[in-house]
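**Q**
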Amino acid sequence: MTRDRGSASLWVAMAATAICVVFAAVLAMGQAVVARHRAAAAADLAALAAADHALLGSADACRRAADVASAQGAEVVRCALSGGIADVTARAAFGPYAPTVRARAGPPLATLPPGGGEAAMR
């Protein structure tokens, strides 16, 4: 009889444990990336909403940004308007992660006249 009898079971158990640890780490990294992307999308949309409503005043524009961020599952941490430029920081909690992302947006372009707008571009 050899002394290493039954060691294959131990090696298989150790390999399975190592694979589970690696899999858990990959899942955690993926969840962190998803949280970051959700926060970025919410901040971008909130900044666009604030810039679009900048003419109504800072309070109304930031309230609209907060509504849009809330619809995306995020919260506005900071909202500021300066010369029609909206600067919004949003946080989106996803699992154990809550990344904070900053986005800026300017006022919308002037509406082009019906029928194209090639004359307006010249």
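Position in the sequence shown (from 1) plus 1287 gives the number in my numbering.
A virtual CB, placed ideally from N, CA and C, is assigned to each residue, including glycine.
Measuring CB to CB, does P1410 end up less than 8 Å from A1328?
**A** Residue 1410 falls outside the range modelled here, since the chain spans only 1288 to 1409, and no answer is possible.
**Q** Answer yes if the segment 1310 to 1319 comes into contact with the segment 1349 to 1360, meaning at least three C-beta pairs across the two stretches below 8 Å, and no otherwise.
**A** At 8 Å Cβ cutoff, the stretches do not touch.
**Q** Under 8 Å: do the segment 1361 to 1377 and the segment 1296 to 1307 share three or more Cβ pairs, one atom per stretch?
**A** Flag = no, the segment 1361 to 1377 and the segment 1296 to 1307 do not touch.
**Q** Return helix, strand or coil for A1305, following the three-state DSSP convention.
**A** Helix, per DSSP.
**Q** Evaluate the contact criterion for the segment 1366 to 1386 versus the segment 1327 to 1341: three or more CB pairs, one atom per stretch, below 8 Å.
**A** Yes, they touch.
**Q** Based on the DSSP output, what are the partners of C1366 in its beta bridges?
**A** For C1366, which the question treats as bridged, DSSP gives the partners V1375.
**Q** According to the neighbour-count rule (16 or more other Cβ atoms, all chains shown, within 10 Å of its Cβ), is V1320 buried or exposed?
**A** Classification for V1320: exposed.
**Q** Residues in its own chain within less than 7 Å of L1396 by CB, not counting five upstream and five downstream?
**A** Closer than 7 Å at Cβ, skipping near neighbours: no residue.
**Q** Which runs of the beta strand (DSSP E) fall wholly inside the segment 1311 to 1342 and span at least 3 residues, in chain order?
**A** Taking only runs of at least 3 residues, no beta strand (DSSP E) segment lies wholly in the segment 1311 to 1342.
**Q** Please say whether A1341 and A1348 have beta carbons closer to each other than 8 Å?
**A** Contact flag set, yes.
**Q** Using a Cβ-Cβ cut-off of 6 Å (strictly less than) and excluding sequence neighbours within five positions of Y1384, which residues of its own chain qualify?
**A** Once the five neighbours on either side are set aside, the close Cβ partners of Y1384 are A1319 and A1322.
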